[in-house]
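J.: Just so we're aligned, residue 5 is where the sequence shown starts under the numbering used here, counting upward by one. Backbone N, C-alpha and C define an ideal beta-carbon position, used for all residues, glycine too. Just passing along the structure, written as structure tokens.
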Amino acid sequence: MNKLDIFLLALKNFTRRKARSILTIIGVVIGSAAIVIMVSLGIGIQDSMMKMYQQWGDLTTVNVYLWNIGGQGGRDGVAPASQESGENPYKRALAEVESIPHVAAAMPFKYENIRLVSGKYVNPWAGVALVDAAKLQYFNMPVESGRQLREGDGFAIVLNPSAGQEFINLKARDPWDWSKRPMDENGMIIPYVDIYNDPIKLTFDPSYGEKVTYAEGQSRRRTKLYDLEVVGFQDPTSNYSWYNFMDMDTVVSYKKDYLREQMKGMSSQEAQWIRDEIERLDNFDQMFVKVDDMDNVAAVVTQIKDLGYDCWSMMESVEMANEQLALIQLIMGAVGAVSLFVAAINIANTMIMSIYERTKEIGIMKVIGCRLGDICQLFLLEAGILGLIGGIFGIGLSYAGSTLLNNLPPSESGSNFLGFYIDPNLDASLSIIPFWLVLLAMAISVGIAVLAGLYPSIRAMRLSALEAIRNE
5 MNKLDIFLLA
15 LKNFTRRKAR
25 SILTIIGVVI
35 GSAAIVIMVS
45 LGIGIQDSMM
55 KMYQQWGDLT
65 TVNVYLWNIG
75 GQGGRDGVAP
85 ASQESGENPY
95 KRALAEVESI
105 PHVAAAMPFK
115 YENIRLVSGK
125 YVNPWAGVAL
135 VDAAKLQYFN
145 MPVESGRQLR
155 EGDGFAIVLN
165 PSAGQEFINL
175 KARDPWDWSK
185 RPMDENGMII
195 PYVDIYNDPI
205 KLTFDPSYGE
215 KVTYAEGQSR
225 RRTKLYDLEV
235 VGFQDPTSNY
245 SWYNFMDMDT
255 VVSYKKDYLR
265 EQMKGMSSQE
275 AQWIRDEIER
285 LDNFDQMFVK
295 VDDMDNVAAV
305 VTQIKDLGYD
315 CWSMMESVEM
325 ANEQLALIQL
335 IMGAVGAVSL
345 FVAAINIANT
355 MIMSIYERTK
365 EIGIMKVIGC
375 RLGDICQLFL
385 LEAGILGLIG
395 GIFGIGLSYA
405 GSTLLNNLPP
415 SESGSNFLGF
425 YIDPNLDASL
435 SIIPFWLVLL
445 AMAISVGIAV
455 LAGLYPSIRA
465 MRLSALEAIR
475 NE
């Protein structure tokens, strides 16, 4: 028999017992659909989690913490050589980290107290996150409007969009009583200052705008206000939306001048405190490290820790989450595999029953010279057709189920199917069926069906021709 004859005969035998064939196929449909849907849930949850982490922060950014470097050094509590030589240990740490392979940039980051002023209103809680404006371009810190800081900006600032609501008149009665602030119809505070249009100034005076009582003989110095250029506003969805960004070198330089001016007329003890504060301005507690590729983050983190510095990256959370999701996917895939295993048993049962019903036919095929290999191929092909048709319909059912899952309304708590929360602002789905999963499901369906038909095909080959012909 040639291949075409075997194929046509297999199709004919498939339609001989339609009801039984359909019931067998239904089992394969359920099994293959269960595998695809279960695995697609794991893929969708993983994709949603990755997008959520990317929204929270850049996966190629490493946070390095330098809390103890000024006192004990970065390596096992031993003071760095930079301290013994008079070199600033923080700048030395910055240079060390930036020299690590695959590090695109290392940017210092620190928080400094300032006050923002607009007319009679003061924002006493503003503060600024000081960064290196020349390196900010390497990091994913988007703005809602305007632009981010860049090299040469000077007294430029990128404001937190809610900074306007924090301006108050410190000389008014009960300035801290927020219940007396004007509100709009939505219950939101109406800001006294329009930060998008009103001029904004900066002062280093920690008590500016307050009623200050001076001791006898203590003179009151006129506070200097610096004009600020507002170049942009932080993206409210960003992980850095609560910060006001300014260039570190600019702010540190002007604050040192301010502190030196305050030293005039002070006692030696007070002046020493100011000198310590001036020296402290050159330090920073943290740096952001940009890695050139996500695949190199783990290696860079290891080398930073080898230098003796504490660090953390979003990729560490991603890896932990992936380990948990891999277990979830394994469990989900196992649930689908059980359904397909039951379908395989059904296929084997169907093929064995087919042998009993076609015993005489098999005997005649052997008598007229049909090769044993052709008989084996015939039964394997019939089993494969059951798996193929079941796989095709199973894929169709999977897409329908995936669409249904992705359109389920969230519960009152905001969670979706299986209790997982999918942020509606993310372009993410609970169930994702990639093309490779479709091919894998088809291969598994056909492969399981062929394996299930292997024993019946061997049984058919071993059947005695004479006994088969005599069988009614």
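On a Cα-Cα basis, can you pick out the residue from Met54, Gln290 and Val346 that is closest to Asn72?
T.: Residue numbering aside, residue 72 sits at position 68 when the sequence shown is read from its first letter. The shortest Cα separation from Asn72 among Met54, Gln290 and Val346 belongs to Gln290.
J.: Look up Arg154 in the DSSP assignment and say whether it is helix, strand or coil.
T.: The residue you call residue 154 lines up with position 150 of the sequence shown. Coil, per DSSP.
J.: Please go through the same chain and pick out, in chain order, the residues whose beta-carbon is closer than 7 angstroms to the beta-carbon of Gln333, but skip the five residues on each side of it.
T.: Position 329 of the sequence shown, counting from 1, holds the residue named residue 333. Cβ neighbours of Gln333 beyond the five flanking positions: Val43 and Gly46.
J.: Would you give the residue range spanned by the beta strand (DSSP E) that Ser317 belongs to?
T.: The residue you call residue 317 lines up with position 313 of the sequence shown. Residues Asp314 to Ser317.
J.: On a CA-only basis, which of Tyr403, Asp251, Ala167 and Trp316 is nearest Val295? Give me that one, please.
T.: Position 291 of the sequence shown, counting from 1, holds the residue named residue 295. Minimum Cα distance to Val295 is reached at Trp316.
J.: Reducing DSSP to helix, strand and coil, say where Arg79 ends up.
T.: One-based indexing of the sequence shown puts residue 79 at position 75. Since pLDDT at Arg79 reaches only 43, below the 50 mark, its modelled position is unreliable, and the value read off the structure follows with that caveat. Residue state, collapsed to three classes: strand.
J.: Is it the case that the region 114 to 124 contacts the region 138 to 157, given that we only count it when at least three CB pairs across the two stretches are under 8 angstroms?
T.: no
J.: Looking at the structure shown, is Asn67 part of a helix, part of a strand, or coil, going by DSSP?
T.: Working through the sequence shown from its first residue, we reach residue 67 at position 63. The three-state reading of DSSP puts Asn67 in strand, counting E and B together.
J.: Determine the direct distance from the alpha carbon of Met298 to that of Arg185, and round the result to whole angstroms.
T.: Your numbering for residue 185 matches position 181 in the sequence shown. Your numbering for residue 298 matches position 294 in the sequence shown. If you take the alpha carbons of Arg185 and Met298, they lie about 47 angstroms apart.
J.: Any contact between the region 318 to 334 and the region 151 to 160? By contact I mean 3 or more CB pairs, one from each, below 8 angstroms.
T.: no
J.: Helix, strand or coil: which one does DSSP assign to Val295?
T.: Here the question's residue 295 lines up with position 291 in the sequence shown. Residue state, collapsed to three classes: strand.
J.: Using the beta-carbon count (16 or more within 10 Å), is Tyr69 buried or exposed?
T.: As a working note, residue 69 is residue 65 in the sequence shown. Exposed: under 16 other Cβ atoms inside 10 Å.
J.: I'd like to know if the region 254 to 272 and the region 165 to 176 are in contact, where contact means that at least 3 CB-CB pairs between them fall below 8 angstroms.
T.: no
J.: With distances taken Cα to Cα, identify the nearest neighbour of Leu206 among Asp188, Gly213 and Tyr230.
T.: Your numbering for residue 206 matches position 202 in the sequence shown. Taking only the C-alpha atoms, the option nearest Leu206 is Tyr230.
J.: Quick one: measure Cβ to Cβ for Val126 and Val235, integer angstroms, because I've assumed they're closer than 8 angstroms.
T.: As a first step, residue 126 is located in the sequence shown; it is residue number 122 there, counting from the start. As a first step, residue 235 is located in the sequence shown; it is residue number 231 there, counting from the start. So it is not a contact: roughly 22 angstroms between Cβ atoms.
J.: Restricting to Cα atoms, I'd like to know which of Pro210, Ala130 and Ala108 is closest to Ile138.
T.: To locate residue 138, count along the sequence shown from 1; it is residue 134. Note on identity: in this sequence residue 138 is Ala, with Ile being the wrong assignment. Of the candidates Pro210, Ala130 and Ala108, the one whose C-alpha sits nearest the C-alpha of Ala138 is Ala108.
J.: Quick one: what does DSSP say Tyr115 is sitting in, helix, strand or coil?
T.: Translated into positions along the sequence shown, residue 115 becomes position 111. Three-state DSSP puts Tyr115 in a strand.
J.: Out of curiosity, what's the CA-to-CA distance linking Met54 and Ile41?
T.: If you number the sequence shown from 1, residue 54 lands on position 50. If you number the sequence shown from 1, residue 41 lands on position 37. Met54 and Ile41: Cα-Cα distance of roughly 20 angstroms.
J.: Could you compute how far the alpha carbon of Leu63 sits from the alpha carbon of Gln141?
T.: As a position in the sequence shown, residue 63 is number 59, starting the count at 1. As a position in the sequence shown, residue 141 is number 137, starting the count at 1. Each residue's Cα considered, the two are about 16 angstroms apart.
J.: Please report the distance separating the alpha-carbon of Ile26 from that of Leu390.
T.: Working through the sequence shown from its first residue, we reach residue 26 at position 22. Working through the sequence shown from its first residue, we reach residue 390 at position 386. Straight-line Cα distance between these residues: approximately 9 angstroms.
J.: Quick one, are the C-beta atoms of Ala38 and Ser343 less than 8 angstroms apart?
T.: If you number the sequence shown from 1, residue 38 lands on position 34. If you number the sequence shown from 1, residue 343 lands on position 339. Yes, the Cβ-Cβ distance between Ala38 and Ser343 is below 8 angstroms.
J.: Between Asp280 and chain B, is any beta-carbon pair separated by less than 8 angstroms?
T.: Structure shown: chain B not included; a single protein chain is present.
J.: From this set, Gly340, Ala348, Ile349 and Leu311, which residue's C-alpha is nearest Ala99's C-alpha?
T.: Translated into the one-based positions of the sequence shown, residue 99 becomes position 95. The residue with the shortest Cα to Cα distance from Ala99 is Leu311.
J.: For Lys22, tell me which candidate among Leu443, Glu386 and Val442 has the shortest Cα-Cα distance.
T.: For this step, residue 22 is matched to residue 18 along the sequence shown. Closest by alpha carbon: Glu386.
J.: Taking the alpha-carbon positions, what's the Trp440 to Asn287 distance?
T.: Against the sequence shown, residue 440 aligns to sequence position 436. Against the sequence shown, residue 287 aligns to sequence position 283. Their Cα atoms are separated by approximately 52 angstroms.
J.: Mark Gln238 as exposed unless 16 or more other C-beta atoms lie within 10 angstroms of its C-beta, in which case mark it buried.
T.: The residue you call residue 238 lines up with position 234 of the sequence shown. Classification of Gln238: buried, given that the 10 Å Cβ count is 16 or more.
J.: Between the C-alpha atoms of Asp178 and Asn248, what's the straight-line distance to the nearest angstrom?
T.: For the purposes of this step, residue 178 is taken as the residue at position 174 of the sequence shown. For the purposes of this step, residue 248 is taken as the residue at position 244 of the sequence shown. Rounded to the nearest angstrom, the two C-alpha atoms are 27 angstroms apart.
J.: Classify Glu220 as buried or exposed, calling it buried when 16 or more other Cβ atoms lie within 10 Å of its own Cβ.
T.: Indexing the sequence shown from 1 puts residue 220 at position 216. Confidence in Glu220 is poor, its pLDDT being 48 and thus under 50, which makes the residue's placement unreliable; the coordinate value appears in the next sentence. By the 10 Å Cβ count, Glu220 comes out exposed.
J.: Starting from the Cα of Gly31, find the closest Cα among Asn410, Gly340 and Glu91 and give me that residue.
T.: As a position in the sequence shown, residue 31 is number 27, starting the count at 1. Among Asn410, Gly340 and Glu91, the Cα nearest to that of Gly31 is on Gly340.
J.: Could you check which residue in Val442, Asp314, Leu174 and Tyr403 has the C-alpha nearest to that of Trp129?
T.: By 1-based counting over the sequence shown, the position of residue 129 is 125. Comparing Cα-Cα distances from Trp129 to each of Val442, Asp314, Leu174 and Tyr403, the minimum goes to Leu174.
J.: Using alpha carbons as the reference points, say which of Met145, Lys124, Ser449 and Ile193 lies closest to Pro203.
T.: Taking the sequence shown and counting its residues from 1, the one referred to as residue 203 is at position 199. By alpha-carbon distance to Pro203, the top candidate from Met145, Lys124, Ser449 and Ile193 is Lys124.
J.: For Asn353, which residues of its own chain have a beta-carbon under 7 angstroms away from its beta-carbon, when the five flanking residues on both sides are left out?
T.: Here residue 353 is taken as the residue at index 349 of the sequence shown, counted from 1. For Asn353, where only same-chain residues beyond five positions count, there are no Cβ hits under 7 angstroms.
J.: When the Cα of Cys374 is compared with those of Thr241, Ala464, Asn243 and Pro460, which residue comes out closest?
T.: Walking along the sequence shown from the start, residue 374 turns up at place 370. That would be Ala464, whose Cα lies nearest to the Cα of Cys374.
J.: Between which residues of its own chain and Ile29 is the CB-CB distance below 8 angstroms, once the five residues before and five after are set aside?
T.: Indexing the sequence shown from 1 puts residue 29 at position 25. If we look at Ile29 and ignore the five residues flanking it on each side, its Cβ neighbours are Leu390, Ile393, Gly394 and Phe397.
J.: Only counting the same chain, and skipping five residues up and downstream in sequence, which positions put a Cβ closer than 8 angstroms to that of Ser245?
T.: The residue you call residue 245 lines up with position 241 of the sequence shown. Cβ within range, chain order: Asn164, Pro165, Gln238 and Asp239.
J.: DSSP beta-bridge partners for Ile161?
T.: Position 157 of the sequence shown holds residue 161. Ile161 pairs with Val234.
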